[in-house]
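Going by the working numbering, the first sequence wraps up at 509, each residue one higher than the last. For every residue, glycine included, the Cβ atom is placed at its ideal position computed from N, Cα and C. Small disclaimer: the values here were computed from a predicted structure and weren't measured. Reading through the structure tokens given below for one structure.
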Amino acid sequence: MDRVREILEETNPEALNRERQKKRVGLPELDIDETGDVILRFAPNPNGLLSIGHSRGVVINSEFAKMYSGKVILRFDDTDTKVKPPLVSAYSSIEREFEWISGVKPDAVIRASSRMDVYLEHAEEMISLGFCYVCKCSASKFKSLRDEMVACPCRENGIEENLNGWKMMILGEIGEGEGVVRVKTELDLPNPALRDWPALRIQHTPHPLVGDQYKVWPLLDFQSAVEDHLQGVTHIVRGKDLMDSTRKQTLLYEHMGWKYPKTLYWGRVKLHDFGGFSTSSIRESIEKGDFSGWDDPRLPTVAALRRRGYTPEAIREFWIELGLTQKDISISMQTIDSKNSKIIDPDTVRRSFVGDPVKLSLIYRKDLSGIVEGVSMKNHPDHPEMGYREWGLEHRVIYISKNDYFEGIVRLKDFADIEIEGKNAIFISRERGESAHIIHWNSSDNCRMAEIMIPEDGENKIISGLIEDSEYRVGQIIQLERMGFAKIESVSNESGNISLIWLHG
RNA sequence: GCUCCUGUGGUGUAGUUCGGUCCAUCAUACCGGGUUUUCAUCCCGGCGACCCGGGUUCAAAUCCCGGCAGGAGCACCA
């Protein structure tokens, strides 16, 4: 080691002063040009609400915008009316979800379907300039020609002829699948996917927002390319499955003399806790009735996380920590849960929920005088300033969970040691004995019916029981002692009964 | 098959640009201990990794070559 030090002193003295490696925190630096502008976009397809995977895009893009005081655009890429038809309710839902996750409003919201005239004009211009041509070959015929690096017959048509074909497409005189606009590229490109790639195709299926006024719709690679340029997007952050998209678009930008944004990629993400899923498959399952809706707690959607009580901060921290690697990763919800616990624990009150209750009579031995009228306990063990809750014990009836029931001595938390014999709980002492196991409980004086929904093994299990009385409000997150965190979903006006939904341990 | 991307502990991640106190960072998980009248939170300790093989060099996680493994794209989807 000293020998190394000597060598370093001679040859590379700076290395000695180098800081010991540290974990970089936060997102990496962006490559910024002279203007210093940072304009990003998050571009989901509104064929469904956002999944957990999408939330990565929201977080990364909005955080970069925050870091550089830049802008982030929310763009709905809704130009497929057929394979992935837009879900009308998704537009506003996604906008709200974006705000909820990022904590900021998008600087602009754009719907591709409302920008059709712009795309169509650009397409016509590009045909006029000879960069694009109308191809009437079938998809399979084109594919085989492409694989052989052979130009299709349509490629040789003159601009006038292309313009004619284009007009026919626009007018709806050409059927679906019978014509497409292609961008000219070198035909000997090593990557066959890029050769004369398709930019616009015919769709006669009406769009739920703009109806059937357009017969020709741009494909993602074209629509996104034009829109990114028009909006002055400086950085694109996308999944690496879209690498070929970058390459196609770059080819188009070269034709137009535009400058392509800097592009960053992330790899595929799999959640350990959920099987494979896609927006389309989730939508299908919901429509089939397999799930109650986008916020069904079994679903890996943003709506479900929000419903269950996850904080957007936890989601943001999580994705920021993962950063932007191109590795395909498999992650566990435990990591998010852990972050969420740390965030919510300090100001979450403790409450007692007894599931599958067993009713016990509290018996005092005749020779013991110390009858207890009530107990008092903290709302939060570490924060007495959060107040106390007071329980009465006049009726001398208590409940414990069936899981905790056994004949013998146990400690009722914050109250007393008791001995259970049959249906009786015989008071021993308020002092805590040596080995008495602590369990939670409720007093019949102040508890009410409650049920909690827990997603488990693909179904939403309902556990009925009793929760201590308190001022509960819908949306409140509480910690059920010895169970975990849960959110209040509803409080019945008549009975006061509570419905909870499970968050995490 | 073609094109491309990626390989650091169980899971993620820092470090790789420009080789050097790197016997490798941090988080999470796990194990052990402490605090606590919750199985929560908190605190302490531990565990555990540079895909493989060559090469260059005084020195390689880092540079070069060759393997291998995993993933993605090859849609008139996004």
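Met120 (DSSP reduced to helix, strand or coil): helix
With 16 other Cβ atoms within 10 Å as the buried cut-off, status of Thr283: buried
I'd like to know whether the C-beta atoms of Val495 and Trp323 end up nearer to each other than 8 Å. no
Nearest to Lys331 by CA position, among Lys88, Phe46 and Lys244, is which residue? Lys244
Please state if the CB of Ser365 and the CB of Lys427 are separated by a distance shorter than 8 Å. yes
Pick out whichever of Ala69, Gly181, Met457 and Thr250 has its Cα sitting closest to the Cα of Ser296. Met457
In this structure, how does DSSP classify Tyr269 when only helix, strand and coil are distinguished? strand
I'd like to know if the segment 82-97 and the segment 24-41 are in contact, where contact means that at least 3 CB-CB pairs between them fall below 8 Å. no
Can you tell me the Cβ-Cβ gap for Ile4 and Val241, rounded? I've got them flagged as a contact below 8 Å. Only positions 5 to 509 of the chain appear in the structure, and residue 4 is not among them; the question remains open.
Ala429: which of Gly437, Arg436, Glu435 and Leu416 sits nearest, CA to CA? Leu416
Rounded to whole angstroms, what is the Cα-Cα separation between Asn450 and Arg393? 11 Å
Below 8 Å between beta carbons: does that hold for Leu198 and Lys252? yes
Is the CB-CB distance between Ile492 and Gly509 below 8 Å? no
Local conformation of Glu498 per DSSP, three classes: coil
With DSSP run on the structure shown, which of helix, strand or coil describes Gly469? strand
Just to confirm before moving on: does the CB-CB distance between Thr352 and Ile482 stay below 8 Å? yes
Could you spell out the range, first to last residue, of the beta strand (DSSP E) harbouring Trp221? Val220 to Pro222
Any 3 or more C-beta pairs closer than 8 Å across the segment 201-220 and the segment 102-122: yes
Return the first residue and the last residue of the beta strand (DSSP E) that Ala429 is part of. Asn428 to Ser433
I'd like the ranges of any alpha helix (DSSP H) spanning at least 4 consecutive residues and lying wholly in the segment 272-307. 283-292
If we ignore side chains and look at the alpha-carbon of each, how far apart do Arg205 and Lys147 end up? 16 Å
Taking C-alpha atoms, which residue in Gly181, Asn501, Phe68 and Arg79 lies nearest to Ser228? Arg79
Can you grab the Cα-Cα spacing for the pair Glu435 / Phe357, in whole Å? 24 Å
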